[in-house]
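Q: Below you'll find the structure I mean.
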Amino acid sequence: AQTVTQSQPEMSVQEAETVTLSCTYDTSENNYYLFWYKQPPSRQMILVIRQEAYKQQNATENRFSVNFQKAAKSFSLKISDSQLGDTAMYFCAFMSPPGAGSYQLTFGKGTKLSVIP
Amino acid sequence: DVKVTQSSRYLVKRTGEKVFLECVQDMDHENMFWYRQDPGLGLRLIYFSYDVKMKEKGDIPEGYSVSREKKERFSLILESASTNQTSMYLCASSAADYANTGELFFGEGSRLTVL
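Each protein sequence line maps, in turn, to chains A and B. In this text, residue positions in the first sequence follow this note's numbering: the first is 1, and each later residue adds one. In this text, residue positions in the second sequence follow this note's numbering: the first is 118, and each later residue adds one.
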């Protein structure tokens, strides 16, 4: 079974600064998907960014980017120019591709990020 | 706009009561999910459904059941609530291509307290 580990339960960052959230995972598969989801206080969880393991290029979505290190099984999220609206719980998630058994998302335990004015 | 609506944001129930948590999505999604979220444990999948009247057990189905009589509605049932079921419950839905996208659309959550 796959496992996803987020080693930082809580983090804080000054507004306009850059912060990196860590995520490691364990799998024996060669192809899979990785995700970062964001859960703002009292609001719905939303997908922030998605990475396919067979793609070497790191995914980017505006101020959000990832550092995907396949050999190290590491998938960190970098938030640039942090904004107050980035305050949220962030979850790293793993999913096997179709045909590779269960294709349900496996979530990490989350990192609570606070952006300080 | 994408919408997943959970009928109750906050519920307080007594031990042994039967509890219904309702979820409705307006995106014509095939797949629907119920997760439980606890501090320090992340999200754990209780049940999911990939079609009307179809259901599959997730990682922690014990003590729960589900019902999906219509495509847009997925209900989570606690037959006899216990204090260890005090938690935040999240409903989510996804389109048919979920296995390739991994994108879930979540509701705002239902916080259940069992006394």
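Just so you know, even glycine gets a beta-carbon here, dropped at the ideal spot from N, CA and C. Nothing here was measured: the structure is a model prediction, and the numbers come from that model.
Could you tell me which of Lys-174(B), Gly-159(B) and Lys-188(B) sits nearest to Cys-140(B), measuring between CA atoms?
A: Comparing Cα positions, the closest option is Lys-188(B).
Q: What distance in whole Å lies between the Cβ atoms of Thr-87(A) and Pro-40(A), which are believed to be in contact at a cut-off of 8 angstroms?
A: With 8 angstroms as the limit, Pro-40(A) and Thr-87(A) qualify as a contact, their Cβ atoms being about 7 angstroms apart.
Q: Between Leu-162(B) and chain A, is the shortest Cβ-Cβ distance under 8 angstroms, so that the two count as touching?
A: By this cut-off, Leu-162(B) is an interface position.
Q: So with Cβ pairs under 8 angstroms, would you call Phe-223(B) a contact of chain A?
A: True, the Cβ-Cβ gap to chain A drops below 8 angstroms.
Q: When Cβ atoms are compared, which residues of the stretch 194-226 of chain B fall closer than 9 angstroms to chain A?
A: Listed by position along the chain: Leu-207, Ala-209, Tyr-215, Ala-216, Asn-217, Thr-218, Gly-219, Glu-220, Leu-221, Phe-222, Phe-223, Gly-224, Glu-225 and Gly-226.
Q: How would you write the range of the beta strand (DSSP E) that Thr-230(B) sits in, first residue to last?
A: Unbroken beta strand (DSSP E) run through Thr-230(B): 227-231.
Q: Let me confirm a value: Arg-153(B) is counted as buried when at least 16 other C-beta atoms fall within 10 Å, else exposed. Which label applies?
A: By the 10 Å Cβ count, Arg-153(B) comes out buried.
Q: Beta strand (DSSP E) containing Ala-93(A): first to last residue?
A: Note, Ala-93(A): beta strand (DSSP E), 88-95.
Q: To be precise: take each residue of the stretch 143-170 of chain B, compare its Cβ to all Cβ atoms of chain A, and keep it if any distance is under 9 angstroms. Which residues remain?
A: Here the close residues are Phe-150, Tyr-152, Gln-154, Pro-156, Gly-157, Leu-158, Gly-159, Leu-160, Arg-161, Leu-162 and Phe-165.
Q: Rounded to whole angstroms, what is the Cα-Cα separation between Thr-60(A) and Arg-50(A)?
A: If you take the alpha carbons of Thr-60(A) and Arg-50(A), they lie about 9 angstroms apart.
Q: For the alpha helix (DSSP H) that Ala-209(B) lies in, which residues bound it at each end?
A: Counting along the chain, Ala-209(B) falls outside any alpha helix (DSSP H), though it belongs to the beta strand (DSSP E) covering 204-211.
Q: As a quick exercise: from Arg-131(B), Val-183(B), Tyr-164(B) and Asp-168(B), pick the residue whose alpha carbon is nearest that of Asp-176(B).
A: Closest by alpha carbon: Tyr-164(B).
Q: With 16 other CB atoms within 10 Å as the buried threshold, where does Ile-35(A) fall?
A: According to the sequence provided, residue 35(A) is Phe. The question's Ile does not apply to it. Classification for Phe-35(A): buried.
Q: For a contact defined as C-beta to C-beta under 7 angstroms, what are the partners of Tyr-33(A) on chain B?
A: Correct list: Gly-219.
Q: So, at 6 angstroms on beta carbons, what are the nonlocal neighbours of Ile-46(A) in its own chain, with the 5 sequence-adjacent residues on each side left out?
A: Only Lys-38 meet the Cβ criterion.
Q: Which residues bound the alpha helix (DSSP H) around Tyr-152(B)?
A: Segment 148-155 is the beta strand (DSSP E) holding Tyr-152(B); no alpha helix (DSSP H) there.
Q: Under a three-way DSSP split, which group does Asn-62(A) fall into?
A: Looking at Asn-62(A) - three-state DSSP - the assignment turns out to be coil, as it is neither helix nor strand.
Q: Note the first and the last residue of the continuous alpha helix (DSSP H) segment covering Tyr-215(B).
A: First-last of the alpha helix (DSSP H) with Tyr-215(B): 215-218.
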